[in-house]
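The end of the sequence shown is residue 214 by UniProt numbering, with every number in the run present.
Heads up, the beta-carbon is just placed ideally off N, CA and C, and yes, glycines get one too.
Okay, so here's the structure we're looking at.
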Amino acid sequence: MTTLYYAVGACSLAPHIVLEWIGAPYTAVRVQYGSDELLAVNPAGAVPTLREDDGWILTQAGAILDYLASKHPEARLGGGDGLRDRAEAHRWSSFLTSDVHSAFWPVFMPYRYTTDSGEAAKKAVVAAGHKLVEKQFDVLNGHLEGRDYILGRERSVIDAYAFPMIRWAAKLLPDGVTNYPHLQALHDRLAADPAVQRVLAREAAKRSTAAAPA
Ligand SMILES: N[C@@H](CCC(=O)N[C@@H](CS)C(=O)NCC(=O)O)C(=O)O
């Protein structure tokens, strides 16, 4: 059985949702960042981490999502098989990993971006992170105009990948996602999905002992 190591509210929410969409049996293991349990499967101490029964381990959210979509073509979560379909899926997966997710780092962990330990410096880094996230959200919001999902008419692993990031933005940006109506609509479409609700409930049920988001 496939095992997903996840932390509450983290980007691992994306493969968690995708596994639920696929509907094949899987195990979801909640871990703490940097714990021995997580370090045993991923030396970076990060989630998501995926383990197959034969001991094969895959890290990196984009790779995990692509792997799951390819492993289960019947779930139709890869965004299509054409040359350009595959290119678009890689495009948006890279965008979410490199441009959006990394834009949140200064917001989550400002102390990693300045050697100044003062509060003002920390606040300045967080504010710069907000600007970075907003720049990327402008791009994604514009792309979603006239589209129900990031890769077109059908949901895909890329929508699941965007979902935790929209939730982070709603919580952490000064104006939430009010300036991004198409992202809000995508969020609401996904949040109404019973499979997504099951995953959120599962993660929330363990929140009392869970690791903090990212
Ligand atoms: N590039 C990695 C980043 C994974 C990552 O940093 N995940 C965060 C949660 S969203 C994490 O585990 N952070 C813990 C840490 O950096 O110590 C990926 O895309 O999978």
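For residue 190, the uninterrupted alpha helix (DSSP H) segment begins and ends at 181-191. Looking at 161, 156, 122, 114, the one whose alpha-carbon comes closest to that of residue 86 is 156. Judged by DSSP in its simplified three-state form, residue 29 adopts strand.
Counting only runs of 4 or more residues that sit fully inside the stretch 11-78, the alpha helix (DSSP H) segments are 13-22, 36-39, 61-71, in chain order. Remark: C-beta atoms of residue 163 and residue 129 do not approach each other more closely than 8 Å. In the three-state reduction of the DSSP assignment, residue 129 falls in the helix class.
One thing to note: residue 3 has its Cβ within 8 Å of the Cβ of residue 29.
The beta carbon of residue 48 sits closer than 7 Å to at least one heavy atom of ligand 1. Inter-residue distance for residue 96 and residue 161 is about 7 Å (C-alpha atoms, whole angstroms). Between ligand 1 and residue 45, a heavy atom-to-CB distance of less than 7 Å is present.
As the crow flies, the alpha-carbon of residue 159 is around 15 Å from that of residue 199. Here residue 194 is exposed: its Cβ has fewer than 16 other Cβ atoms, across all protein chains shown, within 10 Å. The beta carbons of residue 63 and residue 79 sit about 16 Å from each other, so the pair does not count as a contact at 8 Å. The beta carbon of residue 18 is closer than 7 Å to those of 65, 68, 77, 157, 160 in its chain, skipping five residues each way along the sequence. Our two residues, residue 74 and residue 81, have alpha carbons roughly 12 Å apart in a direct line.
Taking the Cα of residue 92 as reference, the smallest distance to any Cα among 55, 72, 121, 149 is reached at 149. Residue 134 is positioned such that its CB atom lies no closer than 8 Å to that of residue 182.
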